[in-house]
Structures are given as C-alpha cells and as structure tokens.
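Numbering (my numbering), first residue to last: 86 to 563.
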C-alpha cells in the first residue's frame with residue numbers, strides 16, 4: 086500500500102472515534118426544510134443534543150426566548166492521486182450560535198436577534214495540495230477564532246415581510262440549493278462562481294459582512310429576497326495567491342469593512358406543492374414539493390481583466406506593465422431547481438430528490454464564465470435507516486474565452502509548456518448515517534477531472550493530474 090493511502094486509512098480509523106456535524110445543515114434531505122431555523126413558536130426539543138436540556142438550562146433560557154446551539158465538525162480528507170502531493174489533512178470547526186426571540190424576551194413582537202462564532206482548527210487541503218477551483222470541503226477555512234454573524238431581524242404584517250440588518254452571511258439564503266447543501270464539496274454550497282470571482286469570496290462562510298436583507302412572503306408559495314452588503318468582508322486584494330479568500334486578514338471577524346464596493350443580490354423563489362405544516366393531519370397528498378429560484382447579483386467594485394493590462398497590452402507580453410486593466414462592476418445570474426421526484430406516501434420519511442443549478446457571467450473580468458451542478462439525494466434508501474441520506478452529485482466550471490485567450494498568450498510568449506484552460510468537473514458520492522440523534526458519520530468520495538481547468542504543479546512544472554479524494558465527516562451536536 087502506498088504511504089499516502091496508508092496515512093489516509095489510519096486517519097479515517099482515528100476519526101471514526103470522533104464526532105461531527107455539518108456547519109450549516111446536519112442532514113439536508115428531500116424534506117425541503119425552510120432556509121432558517123427560527124426560535125419562534127415550536128416546542129423545545131433537545132433529543133438531538135448530546136447534552137440534552139443541560140440540567141434544565143436550555144428550558145429556562147427558552148422560556149425567555151433564547152436558544153443556544155454548539156456544533157463540532159471534524160473531518161479527514163486525503164487525495165490518493167493528483168495534486169501537488171498525496172497526503173491527508175484534518176479539518177475542524179466548532180460553531181456556536183445564540184438566537185433570541187425578542188417577543189418572548191422583552192415583548193418586542195416580530196424581533197429576532199442572532200449571533201454566531203466559529204473556532205476553526207485546521208488547514209486547507211485545497212490550497213496546500215489540490216489547487217481546484219473551489220474547496221474540497223465546505224468546512225475548510227483559515228485557522229482562527231472569529232465572529233461569523235451578528236444581526237437583528239424585524240418582522241412586519243404577520244411576518245409576511247421582514248428585514249435583517251447587521252453582520253450577515255449571504256450563502257444561507259441566496260444562491261443555495263437545499264439538496265446540494267448536503268454535499269461536502271464547497272461548489273455544492275455557495276456556488277463556484279461567486280466563491281471564485283468575488284473579493285474574498287463574498288459574504289459567505291466563514292466571513293459575514295455588514296449588510297441589509299429584505300424578504301417578502303405574500304403566501305406559502307412565493308418568496309422575494311433582496312440584500313445589499315459590503316462586497317469584500319476582509320478589505321483585502323482581489324488576487325492573493327497565498328490566501329485567495331484573504332481570511333488571514335483580520336481573523337477575528339470584527340473588521341467591519343465598508344471601503345470597497347457594494348454587493349447587490351436579489352432572488353425570486355417559487356414553492357411547488359408546499360407540504361402541510363402538520364403532515365400527521367394531512368388527508369390528501371398535495372403532490373411532490375419543489376422549490377425553484379431565479380436570481381442575480383451586481384458588484385459595484387472594479388475587477389481585473391484576465392488578458393489585458395492598463396495600457397492595452399497583453400499581460401503575457403514582455404511589453405506589459407503587469408497591471409491588469411480594471412472593469413467597473415460585475416454581474417452574475419443563476420437558476421436553481423430543488424424537486425422531490427418520489428416518495429411512497431405523504432407521511433413517509435423516505436424520499437428521492439433532484440437538484441440542478443446553473444450560473445453564468447461575462448468573461449472579460451471573470452475566469453469562469455459558466456458553471457452547473459446537479460445530483461440526487463435519497464433519504465431512507467436502506468430499510469430501517471429512514472434518517473440516513475445517500476447523495477450523488479456532479480458539477481463543472483468552464484474557463485471563459487478571455488481567460489483561455491490569455492493562456493494562449495502565455496503559451497506563445499513562453500518557452501515552457503503552459504496549459505490552455507478548459508473545464509473542471511467534480512463528482513461526489515456520499516452517505517450520511519445518523520448513528521444517534523446527535524451523531525452523524527458521513528464517508529465521502531470525490532473525483533476531480535482537470536483541476537482548475539488545467540493548472541501546472543509548481544513543484545514539477547507538469548500538469549496536475551485528476552484527483553481522487555477520500556473523506557470522512559463524523560461528529561456531535563451538543
């Protein structure tokens with residue numbers, strides 16, 4: 086057995102003894118849950134927490150509208166082929182969230198306060214050795230203890246309209262497929278395009294940004310969302326080869342930047358066959374539920390041209406001054422489908438769901454001009470395991486024509502081999518097993534073709550090969 090594979094196998098054996106849960110969504114399944122878990126209305130249930138009611142503390146806090154959650158995430162991922170080298174990496178995150186229903190707390194009807202923090206104890210396997218467009222795990226982040234979100238939300242008109250203001254994370258409500266969030270590859274979460282093309286990846290895990298979000302829900306089928314936020318959570322440069330998302334800048338998460346551009350994003354959602362609020366009382370099957378989204382964003386900042394410099398020369402030319410031409414503003418459009426396609430009955434936990442998402446933009450200021458992902462989630466696929474979920478997903482990102490032309494320029498002016506960018510494809514196969522109500526163990530298999538559309542290994546000068554990555558996600562909700 087090769088040393089890299091042996092190390093990965095040993096790491097998996099150790100990690101099985103640990104516990105973890107997904108940072109945003111323990112088990113995204115074909116039930117099509119709502120975007121957020123609110124502190125309002127529902128009876129407190131602590132069966133999914135390792136520490137239970139904590140001697141009555143959780144119930145006492147809940148009487149005042151306060152809920153507290155603590156999630157530990159532990160993962161091991163390792164590539165057995167491709168990359169700069171083959172070895173495993175540990176990824177760990179502790180996420181703490183406090184939410185207060187201010188109607189219960191101080192009598193403020195429709196008020197909701199939320200604050201969350203992250204303790205990240207890991208390194209990025211993607212930046213260190215894989216060099217793919219996006220992270221192989223959506224929990225990857227720079228080692229830090231940081232504020233994540235801190236916002237106040239106020240509802241109006243029986244909560245048909247609400248406004249959220251403060252330090253916010255856009256990837257919990259915008260550009261997200263509820264089914265694809267089950268997977269670990271970061272491109273299935275906050276999509277590949279904004280992660281790669283916005284400053285610091287935009288306001289998304291693990292960095293929030295100052296902003297305002299508006300939401301209007303006229304009925305149980307239509308939802309309209311709009312947000313305006315700072316486009317650069319760290320205030321860092323657009324290009325940083327050592328730390329592409331600039332997370333090492335202001336790692337406390339308390340740098341409230343307003344010095345760059347504004348990120349404006351809107352989304353329209355339509356829910357097909359919305360499920361009844363109480364499935365046990367349903368007399369008729371309303372049909373298979375689904376959610377369809379259309380959205381887009383505009384960033385007012387300036388973005389570098391991948392091919393030309395400020396004097397109009399080719400960046401690859403010896404005559405270039407080395408400073409990319411800047412374009413004012415950037416736009417992106419997307420569409421998402423989440424659709425349940427089969428279930429044995431309306432009250433059955435077993436269900437099969439399908440998702441698809443496509444994104445597009447112009448190529449004169451973006452490396453990737455088109456991206457798409459799709460897949461299936463099957464909850465309760467095995468008899469007696471109705472809370473387990475099996476998933477299979479695929480995605481791709483296509484390098485735009487302007488960036489491909491820039492690669493051809495480099496090839497022309499260089500005496501060494503230089504690859505012409507194409508499409509990166511990634512595939513993921515995963516199974517989440519609910520061992521206890523508070524413990525999920527999830528083995529993961531990923532394969533990436535043509536990483537970053539074709540990129541050189543800086544250690545060898547040769548093209549990085551296709552990457553087989555094995556992972557294990559295991560853990561605890563306290």
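Here a beta-carbon is modelled for each residue, glycine too, at the ideal position from N, C-alpha and C.
Note that the structure is predicted; figures quoted are calculated from it, not measured.
Subject >> Delimiting residues of the alpha helix (DSSP H) encompassing residue 187 >> reply: 187 to 191
Original post:
Taking three-plus beta-carbon pairs below 8 Å as touching, is the segment 329 to 349 in contact with the segment 215 to 228?
Top reply: yes
Original post:
Where does residue 279 fall in DSSP's three states?
Top reply: helix
Original post:
Do you know offhand how far residue 492's Cα is from residue 504's?
Top reply: 7 Å
Original post:
Which residues in the same chain as residue 385 place their Cβ atom closer than 7 Å to its Cβ, once the five residues preceding and following it in sequence are excluded?
Top reply: 346, 347, 414
**OP:** State the DSSP-derived secondary structure class of residue 171, mapped to helix, strand or coil.
**Re:** Residue 171 falls in the coil class under three-state DSSP.
Original post:
Using a Cβ-Cβ cut-off of 6 Å (strictly less than) and excluding sequence neighbours within five positions of residue 487, which residues of its own chain qualify?
Top reply: 391, 392, 448, 449
Original post:
Under three-state DSSP, which class holds residue 201?
Top reply: Three-state DSSP puts residue 201 in a strand.
**OP:** Determine the burial state of residue 240: buried for a count of at least 16 other Cβ atoms within 10 Å of its Cβ, exposed for fewer.
**Re:** buried
Original post:
What span of residues does the beta strand (DSSP E) with residue 415 cover, start to end?
Top reply: Per DSSP, the unbroken beta strand (DSSP E) holding residue 415 starts and ends at 409 to 427.
**OP:** For residue 546, I'd like the list of residues in its chain whose CB is within less than 8 Å of its CB, leaving aside the five on either flank, ordered along the chain.
**Re:** 501, 502
Original post:
Does DSSP put residue 230 in a helix, a strand or coil?
Top reply: Strand at residue 230.
Original post:
Under the three-state reduction of DSSP, which class applies to residue 346: helix, strand or coil?
Top reply: Note: residue 346 maps to coil in three-state DSSP.
Original post:
What runs of the alpha helix (DSSP H), each 4 residues or longer, lie entirely inside the segment 449 to 495?
Top reply: none
Original post:
Of all the alpha helix (DSSP H) runs that stay within the bounds of the segment 266 to 339, which reach a length of 4 or more residues?
Top reply: 277 to 282
Original post:
Which of helix, strand or coil does DSSP assign to residue 142?
Top reply: helix
Original post:
What separation, rounded to the nearest whole angstrom, lies between the Cα atoms of residue 441 and residue 174?
Top reply: 30 Å
Subject >> Proximity below 8 Å, CB of residue 446 to CB of residue 282 >> reply: yes
Original post:
Got a sec? Which residues, its chain only, sit under 7 Å from residue 489 by beta carbon, not counting five neighbours each side?
Top reply: 505, 506
**OP:** Using three-state DSSP, classify residue 64 as helix, strand or coil.
**Re:** Residue coverage of the chain in this structure runs from 86 to 563, which leaves residue 64 outside it and unanswerable.
Original post:
How about the segment 372 to 379 and the segment 403 to 410: do they share at least three Cβ pairs that are nearer than 8 Å?
Top reply: The segment 372 to 379 vs the segment 403 to 410: no contact.
Subject >> Spatially closest choice to residue 181 from 305, 153, 354, by CA coordinates >> reply: 153
Subject >> Beta-carbon proximity list for residue 341, same chain, < 6 Å, skipping 5 on both sides >> reply: 295
Original post:
How about residue 382 and residue 349: do their beta carbons lie closer than 8 Å?
Top reply: yes
Subject >> Rounded separation between residue 531 and residue 553 - CA only >> reply: Straight through space, the alpha carbons of residue 553 and residue 531 are spaced by roughly 6 Å.
**OP:** Answer with buried or exposed for residue 355, where buried requires no fewer than 16 other C-beta atoms within 10 angstroms of its C-beta.
**Re:** exposed
**OP:** Count the other CB atoms, across all protein chains shown, that sit within 10 Å of the CB of residue 129; report buried if there are 16 or more and exposed otherwise.
**Re:** Exposed, by the Cβ-count rule.
Original post:
Any idea which residues DSSP pairs residue 240 with across the strands?
Top reply: 247
Original post:
Touch check for the segment 312 to 332 and the segment 275 to 292: three-plus C-beta pairs under 8 Å?
Top reply: Result yes; three or more Cβ-Cβ pairs closer than 8 Å.
Original post:
When DSSP builds the beta bridges, which residues end up paired with residue 151?
Top reply: 185
Original post:
Do residue 169 and residue 542 have their CB atoms nearer than 8 Å?
Top reply: In contact: residue 169 and residue 542 (Cβ atoms closer than 8 Å).
**OP:** Could you name the residues of the same chain whose beta carbon sits closer than 7 Å to that of residue 539, not counting the 5 residues immediately before and after it, in chain order?
**Re:** 504, 505, 506, 507, 548
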